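Protein chains: 2
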Amino acid sequence: MSTVGSGMIGVFDSGVGGLTVLEALAAELPSEHFIYLGDTARLPYGTKSPATVVRYALQATEALMQHRLKCLVIACNTASAVSLPAIGERAANVPVIGVIEPGAQAACAASRSGRIAVIGTEGTVRGGAYREAIRRRRADAQVTALPAPLFVALAEEGLCEGPIAEAIAHHYLDPLFEAPRRPDTLVLGCTHFPMLIRAIRAAAGADVTIVDSARTTARHVRRTLQEAGLAALGGQGSLRLLATDAPQRFARIGSRFLERPIEPHEVELIDL
Amino acid sequence: MSTVGSGMIGVFDSGVGGLTVLEALAAELPSEHFIYLGDTARLPYGTKSPATVVRYALQATEALMQHRLKCLVIACNTASAVSLPAIGERAANVPVIGVIEPGAQAACAASRSGRIAVIGTEGTVRGGAYREAIRRRRADAQVTALPAPLFVALAEEGLCEGPIAEAIAHHYLDPLFEAPRRPDTLVLGCTHFPMLIRAIRAAAGADVTIVDSARTTARHVRRTLQEAGLAALGGQGSLRLLATDAPQRFARIGSRFLERPIEPHEVELIDL
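Chains as they are written, first to last, in my numbering: chain A, 370 to 641; chain B, 370 to 641.
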């Protein structure tokens, strides 16, 4: 077996969105070595069928398992929702952590009324994984799940603030939050959505707790590694970035998501 | 060889957007038999590298060539821009028609000033195919090409009119059309954009000629078939719909694009 704390943390996403999870992970675990794979050739996963997403996620898992991992984080909500059992079977020797369970857990802890709203891509919402994960923890919860696909396009375009982002946030959220028995908790069930948190917060209202599944997942990963004695004990962390297509675009858009500049030559192109 | 007018018209697109081209084709050529393939498993093409798009387009061409075609229409702007020579080589026995050349031709015919704007996906704009096709016909043309990716998300969401669509149209088009030497012609260089034509026209201004590349391509296909003596001589046309993933979503969103209801069972799932 590997020595304590050695090995990399693999992070898998359908594209650049998971860089919000990576950013949160690097903040929680600054001494870790990360390897991130964005399946940019085949994004988005949110509109694809579960069978296709499972197939793609397993291919990505194979590619990441070529490296010495100590943990595998499935940053993509759609992949977390449908492919976690299959990935867990393939990567049985390391903890595999998706974004759904930590987000559901945080939502259940935060909500007083039990009225919880979830926004995500079509695939995440249709699959019902958040609803199921929340209801498993809190059978009385009233979960409203809503697809908000334009947020993805806004985040990638960098239109995260201003009147257009606000108008779209109101378009999606007003029917939910202007109702009399409004939710008190809102789960951002898509890696892109933390980019729009200000516009989302403004539309939902200041009294609504927003659960950012990137941050909750990062905290969950830290605790898992610490409890298993697998956390790095110090030193400078590192990051390798892999993508299946268009490294220029990955670098340009990813820089905003990761909150630090990425140069195109830092992005290694791989084929799955 | 086949008898006069027999054989199907193959239409290929990365997803549902090409249904605007199919709708225009069916209006021009109501007696033809169409077979449409949307590569929904791998959309969008607009953000992928040219090499990947060529590979996908050739696989789609292979699948459509399994049927008896008399013409192959590449409805996807990105695929038209980068893969037409490769597809033409593979499908050498039938006319292969993309959407770029007819759009460029119509723009050159419509523009008085020679100042022509093109909006499309990132891939189409970055590839520069419209600019090149316009300048080949009109060396003095001043072409401004602009990516407008949010229009794709708006069209798929069905948010084609109203304040959000108008705000986004102004966001993209005001910098172009509020300039002193503004273009007099605007090419809709993405199959999704005809869905937003009212919002686009309102932002561009009533004096700007809008070239809808779906309609111009349909007219070009009709003329090509008529000149080659390949047009159907009457009777009731038909339509087969193929998709590589998510037939439910194809039917739901495609119904708006095709302007007639599509039932999920009408969409045949194929693997490329």
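Note that CB positions come from ideal geometry on N, CA and C, so glycine has one too. Owing to the predicted nature of the structure, the values given are computational and were not obtained by experimental measurement.
Relative to Thr554 of chain B, the option among B:Ala573, B:Ala600, B:Ala538 and B:Ala536 whose CA is nearest is B:Ala573. Here DSSP, grouped into helix, strand and coil, assigns Ser607 of chain A to strand.
Put simply, the CB of Arg588 of chain B is far from chain A, with every gap to its CB atoms at 9 Å or more. Taken through DSSP and simplified to helix, strand or coil, Arg495 of chain A comes out as helix.
According to the DSSP assignment, Gly472 of chain A belongs to the alpha helix (DSSP H) that extends over Ile469 to Ala479. In the three-state reduction of the DSSP assignment, Leu412 of chain B falls in the coil class, being assigned neither a helical nor a strand state.
Between Gly598 of chain B and Ser400 of chain B, the beta carbon gap of about 14 Å keeps them out of contact (Cβ cut-off 8 Å). If you ignore the 5 residues before and after Ala393 of chain A, its C-beta comes within less than 6 Å of the C-beta of Ala583, Arg584 and Ala587, all in its own chain and listed in chain order. In this structure, DSSP gives Ile631 of chain A a state outside helix and strand, which the three-state scheme calls coil.
As far as DSSP is concerned, Ile456 of chain B takes part in no beta bridge.
A Cβ-Cβ separation of about 11 Å leaves Thr613 of chain A out of contact with Asp382 of chain A under the 8 Å criterion. Taking each of A:Phe403, A:Gly376 and A:Ile456 in turn and checking the Cα distance to Val422 of chain A, the smallest one comes out for A:Ile456. Using a CB distance cut-off of 9 Å, Asp614 of chain B counts as an interface residue toward chain A.
For the pair Val385 of chain A and Phe546 of chain A, the CB atoms are not nearer than the 9 Å cut-off. The beta-bridge partner set that DSSP reports for Ala514 of chain A consists of A:Val487. Around the beta-carbon of His589 of chain A, 16 or more other beta-carbon atoms lie within 10 Å, marking it buried. Listed in chain order, the non-local C-beta contacts of Glu501 of chain B below 8 Å within the same chain number zero, local neighbours out to five positions each way being set aside.
Looking only at A:Arg551, A:Ala426, A:Pro471 and A:Ala420, the smallest Cα-Cα distance to Thr593 of chain A is reached by A:Pro471.
Listed in chain order, the positions of the stretch 409-422 of chain B with a beta carbon within less than 7 Å of a beta carbon of chain A are Ala410, Arg411, Thr416, Lys417, Ser418 and Thr421. For Met377 of chain B, the enclosing beta strand (DSSP E) starts and ends at Met377 to Asp382. Assigned with DSSP and collapsed to three states, His436 of chain B falls in coil, not helix or strand. Secondary structure note for Phe562 of chain A: it is in no beta strand (DSSP E), with a DSSP letter that is neither H nor E.
Using a CB distance cut-off of 9 Å, Ile537 of chain A counts as an interface residue toward chain B. Assigned with DSSP and collapsed to three states, Glu392 of chain B falls in helix.
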